[in-house]
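Engineer: One structure, as structure tokens, below. Some questions next.
Numbering (full-length UniProt numbering), first residue to last: 1 to 374.
This is the structure in structure tokens:
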């Protein structure tokens with residue numbers, strides 16, 4: 001909410017942002033019944049139907065901080081919401097009921113915010129970023145046991161991460177492994193951290209950096225993508241020279257990856273605006289199928305738990321639902337596409353109750369702020 005005195009007459013005009021929120025904060029969350037998507041929209045969660053992309057509802061939580069991530073809980077129709085001020089909510093999204101609320105004490109240092117949160121069994125992993133006096137960002141990764149948030153421990157206190165996001169950290173099957181990419185380094189940890197737990201660092205060539213990471217759902221296999229467009233599938237990650245296979249189609253950086261629920265396939269995306277599906281079993285290992293011409297650059301790829309569809313999140317604030325047979329797009333949810341410095345003006349269309357403006361190159365968009373979609 002912003003207040004402005006327009007004519008210096010003491011009367012305040014109030015402005016409140018109601019649309020145009022970034023939908024690329026985190027991957028879309030697929031509800032247990034596979035019928036809806038929950039999408040982070042600033043301080044709110046918005047709910048859309050998978051089948052037709054229609055907007056269903058918007059949820060407010062009364063917390064004056066952006067939502068960082070939404071994570072599935074083991075209980076049906078429940079999830080965890082993490083806010084960048086350290087507040088955590090356990091929420092039943094079916095009944096819109098707040099089950100519990102807690103807080104991670106991240107205000108020990110000034111200018112600290114939460115950037116990542118993951119709960120595995122009774123252990124909570126979280127990352128914070130803090131702006132130092134030199135204006136550089138310092139990221140730290142810590143964990144604590146559920147009933148003792150005050151007693152926090154570092155996963156690796158010696159490492160100053162350049163960034164920690166859902167794309168740079170992954171947890172293995174049953175939460176026994178943690179892998180983090182950091183420039184051209186891959187850090188692998190056996191968790192929970194103890195004096196006897198194993199850890200290993202693997203260095204890649206200096207001329208390429210890791211860009212994304214994903215664990216197999218059942219086996220200790222790790223997929224990493226890099227700036228050269230290559231995907232490496234790692235085995236036995238604690239070995240000095242772990243065996244790995246290479247998959248290569250992308251001509252630019254691999255921006256995100258996701259395994260299918262049964263682990264037989266891997267989906268990868270990048271700047272080519274193409275969804276690639278890799279076969280990982282049998283004689284046709286490495287065989288790939290494509291869904292091309294998906295619009296703008298793809299930032300996230302998400303799979304559902306029943307292997308029915310794949311979701312891609314795009315730089316133009318659109319979300320595509322694609323069936324796993326790679327037969328094309330089923331549903332499109334389009335948000336406000338930003339035109340950068342190429343604005344062609346702003347007009348209000350009364351008939352459509354929408355704002356008309358330019359967005360992607362060569363396109364006009366009719367955007368409804370109230371429904372927050374085109």
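All C-beta atoms, glycine included, are put in the ideal place defined by N, C-alpha and C.
State the DSSP-derived secondary structure class of residue 330, mapped to helix, strand or coil.
Structural biologist: Your numbering for residue 330 matches position 330 in the chain shown. Residue state, collapsed to three classes: strand.
Engineer: If you reduce the DSSP assignment to three classes, tell me which class residue 350 lands in.
Structural biologist: As a working note, residue 350 is residue 350 in the chain shown. In the structure shown, residue 350 sits in coil (DSSP, three-state: anything other than H, G, I, E or B).
Engineer: Between 198, 164, 161, 165, which lies nearest to residue 177 when the distance is taken from Cα to Cα?
Structural biologist: Within the chain shown, residue 177 is the residue found at index 177, counting from 1. Among 198, 164, 161, 165, the Cα nearest to that of residue 177 is on 198.
Engineer: Only counting the same chain, and skipping five residues up and downstream in sequence, which positions put a Cβ closer than 6 angstroms to that of residue 47?
Structural biologist: Taking the first residue of the chain shown as 1, we reach residue 47 at position 47. For residue 47, where only same-chain residues beyond five positions count, the Cβ hits under 6 angstroms are 36, 38, 56, 57.
Engineer: Which residues share a DSSP beta bridge with residue 270?
Structural biologist: Within the chain shown, numbered from 1, the residue matching residue 270 stands at position 270. DSSP lists 254 as partners of residue 270.
Engineer: Tell me whether the beta-carbon of residue 233 lies closer than 9 angstroms to the beta-carbon of residue 247.
Structural biologist: On the chain shown, residue 233 is found 233 positions in, with the first residue counted as 1. On the chain shown, residue 247 is found 247 positions in, with the first residue counted as 1. Contact: yes.
Engineer: Could you give the DSSP three-state label for residue 72: helix, strand or coil?
Structural biologist: Taking the first residue of the chain shown as position 1, residue 72 is located at position 72. Correct three-state label for residue 72: strand.
Engineer: What does DSSP give as the partner residue(s) for residue 116 in the beta ladder?
Structural biologist: What you label residue 116 is simply residue 116 of the chain shown in a count that begins at 1. Answer is 127, bridged to residue 116.
Engineer: Take residue 148 as the anchor and find which of 62, 113, 125, 66 has the nearest alpha-carbon.
Structural biologist: As a working note, residue 148 is residue 148 in the chain shown. Considering only alpha carbons, the answer is 125.
Engineer: Where residue 12 and residue 354 are concerned, what is the direct C-alpha to C-alpha distance, given to the nearest angstrom?
Structural biologist: Position 12 of the chain shown, counted from the start, is the residue given in the question as residue 12. Position 354 of the chain shown, counted from the start, is the residue given in the question as residue 354. Distance between the alpha carbons of residue 12 and residue 354 is about 26 angstroms.
Engineer: If we count the other Cβ atoms within 10 Å of its Cβ and call it buried at 16 or more, is residue 287 buried or exposed?
Structural biologist: The residue given as residue 287 occupies position 287 in the chain shown. Classification of residue 287: exposed, given that the 10 Å Cβ count is below 16.
Engineer: Which residue marks the beginning of the beta strand (DSSP E) containing residue 34, and which one marks its end?
Structural biologist: In the chain shown, counting from the first residue as 1, residue 34 sits at position 34. Run containing residue 34: none; DSSP gives neither H nor E here.
Engineer: If residue 322 and residue 310 are in contact, beta carbons under 8 angstroms, what's the gap, nearest whole angstrom?
Structural biologist: For the purposes of this step, residue 322 is taken as the residue at position 322 of the chain shown. For the purposes of this step, residue 310 is taken as the residue at position 310 of the chain shown. The pair is a contact, with the Cβ atoms about 5 angstroms apart (cut-off 8 angstroms).
Engineer: If distances are taken between C-alpha atoms only, which option among 85, 103, 73, 84 comes closest to residue 94?
Structural biologist: Within the chain shown, the letter at position 94 stands for residue 94. If we check each option's Cα against that of residue 94, 73 comes out closest.
Engineer: Let me know the beta strand (DSSP E) ranges lying completely inside the region 186–250, each 3 residues or longer, listed in chain order.
Structural biologist: The qualifying runs are 199–203, 210–215, 222–226, 230–234, 244–248.
Engineer: So what does residue 97 bridge to, in DSSP terms?
Structural biologist: Along the chain shown, one-based indexing puts residue 97 at 97. Paired residues: 92.
Engineer: Per the contact definition of three or more C-beta pairs closer than 8 angstroms, is the region 114–131 in contact with the region 166–174?
Structural biologist: Yes: at least three Cβ pairs fall under 8 angstroms.
Engineer: May I ask you to list the residues that DSSP assigns as paired with residue 319?
Structural biologist: In the chain shown, counting from the first residue as 1, residue 319 sits at position 319. Note: residue 319 sits in a beta bridge opposite 313, 333.
Engineer: Mapping the DSSP letters down to three states, classify residue 46 as helix, strand or coil.
Structural biologist: Start at 1 with the first residue of the chain shown, and residue 46 comes out as number 46. Residue 46: strand per DSSP, three-state reduction.
Engineer: Can you find the residues in the same chain that come closer than 7 angstroms, C-beta to C-beta, to residue 217, ignoring five residues on each side of it along the sequence?
Structural biologist: Here residue 217 refers to the residue found at position 217 when the chain shown is read from its first residue. Result list for residue 217: 173, 259, 261, 263, in chain order.
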